[in-house]
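A.B. asks:
Numbering (my numbering), first residue to last: 33 to 220.
#1: Looking only at its chain, what residues have a beta carbon closer than 7 Å to the beta carbon of residue 33, apart from the 5 residues adjacent to it on each side?
#2: Nearest by alpha-carbon distance to residue 39: which of 62, 91, 120 is it?
#3: Give the single residue among 211, 187, 82, 203 whose Cα lies nearest to the Cα of residue 113.
#4: Assign residue 215 to one of two classes, buried (16 or more other C-beta atoms within 10 Å of its C-beta) or exposed (fewer than that).
#5: Label residue 79 either buried or exposed according to how many other C-beta atoms from any shown protein chain fall within 10 Å of its C-beta, with 16 as the threshold for buried.
#6: CB residue 117 to CB residue 184, shorter than 7 Å?
#7: Relative to the C-alpha of residue 182, which candidate in 161, 194, 199 has its C-alpha closest?
#8: Taking the alpha carbon of residue 120 as the reference point, which residue from 192, 151, 154, 107 has its own alpha carbon closest?
#9: Our contact map puts residue 152 next to residue 170 with C-beta atoms below 8 Å; I'd like the distance itself, whole angstroms only.
#10: Excluding five sequence neighbours on each side, which residues of the same chain lie with their C-beta closer than 6 Å to the C-beta of residue 159?
Below, the structure is given as structure tokens:
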């Protein structure tokens with residue numbers, strides 16, 4: 033495995049789709065004009081099944097936040113869109129027919145590995161209308177994780193039938209060379 037943190041093209045394709053749908057193609061073109069040469073090359077090559085440098089995705093993600101006033105809410109909204117698109121129609125039907133928010137959250141370790149080549153997610157507890165899970169990640173994810181986790185989790189739990197979803201960061205610590213972040217999710 034490469035030492036470079038890679039993100040699945042799904043992140044790139046659906047983020048671009050989100051920005052164009054929300055602001056138009058001209059905005060996207062202006063947005064990409066502010067990217068460095070390497071980042072532009074990555075975005076031009078990105079397709080759903082490919083793997084690309086996470087730093088190129090993260091750079092665009094935070095440039096977008098800055099253009100939108102710097103708030104995490106804009107980024108969480110973008111990740112709700114990514115969750116909605118990546119959990120395709122068939123998967124959504126499965127969530128609604130045979131699933132629960134617990135089922136979805138217990139599958140976060142698998143979902144993580146579908147999007148990123150490094151880091152792990154462990155489910156610590158998951159009963160009733162509450163779940164706790166832990167991310168064990170390289171440091172490069174730390175500033176990106178809160179809005180991404182909140183947006184993706186809200187949408188995934190909602191698709192599985194949860195309502196009034198609350199996602200909170202519980203703790204952060206460094207263990208060995210990895211960062212450990214624990215989240216709690218509650219819903220009705």
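Ideal Cβ positions, reconstructed from N, Cα and C, are used throughout, including at glycine.
C.D. replies: This is what the structure holds:
#1: A caution first: residue 33 carries a pLDDT of 45, below 50, which makes its placement in the model too unreliable to give a value.
#2: 91
#3: 187
#4: buried
#5: exposed
#6: no
#7: 199
#8: 192
#9: Contact doesn't hold; Cβ gap of about 11 Å is too wide.
#10: none
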